[in-house]
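Notes to accompany the following structure.
Put into structure tokens, the structure is as follows:
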């Protein structure tokens, strides 16, 4: 993820830049949530930070955040996405309970790239 250059700009062949960093992203489907009639079946997003050492953000219905439509069949039933900020590079708010892109100079670009 690059924190300063928009994702649609051309990069060199390696894609490496001093303002970029690595994240781990895990994507899967939660079979228990799909079969549980009392659980929400929408796509969920979890963000973990190594800087704070815990879960910093959870979006139980992340369809709009992920650019998925809320109607029709988008095959996101039980979808679970976990983002692990392995290097502790995501900007956190002072309580370390949410990502705070507004605290950075290029926060809007960083948020869009993520």
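Residue numbers (the working numbering): 6 to 119.
C-beta: ideal position from N, C-alpha, C; glycine also.
Exercise for the section: Give the straight-line distance between the Cα atoms of residue 44 and residue 64, rounded to the nearest whole angstrom. Expected result: Those two C-alpha atoms are separated by around 14 Å.
Practice task
Would you mind stating whether residue 98 and residue 109 have Cβ atoms separated by less than 9 Å?
Solution key: For residue 98 and residue 109, no; Cβs fall outside 9 Å.
Handout entry: Cβ-Cβ distance between residue 31 and residue 69 below 9 Å
Key = Not in contact: residue 31 and residue 69 (Cβ atoms no closer than 9 Å).
Exercise for the section: Give the range of the beta strand (DSSP E) segment to which residue 33 is assigned. Expected result: 29–34 is the extent of the beta strand (DSSP E) around residue 33.
Problem - Bridge partner(s) assigned by DSSP for residue 6 - result: Beta-bridge pairing by DSSP links residue 6 to no other residue.
Handout entry: Anticipated Cβ contact below 8 Å, residue 50 with residue 89, distance rounded
Key = Between residue 89 and residue 50 the Cβ distance is about 12 Å, and since that is not below 8 Å, they are no contact.
Exercise for the section: State yes or no: is the C-beta of residue 76 within less than 9 Å of the C-beta of residue 34? Expected result: Their beta carbons are not under 9 Å apart, which means residue 76 does not touch residue 34 by this criterion.
Handout entry: 8 Å CB neighbourhood of residue 46 in its chain, flanking five on each side removed
Key = Closer than 8 Å at the Cβ level, and outside the excluded window around residue 46, lie 38, 39, 82 and 83.
Problem - Residue-chain proximity (residue 102, chain B), Cβ-Cβ < 9 Å - result: In summary, chain B is missing from the structure at hand, where a single protein chain is found.
Exercise for the section: Along the beta strand (DSSP E) that carries residue 91, what are the first and last residues, could you check? Expected result: It is not in any beta strand (DSSP E) - residue 91 carries neither H nor E in the DSSP assignment.
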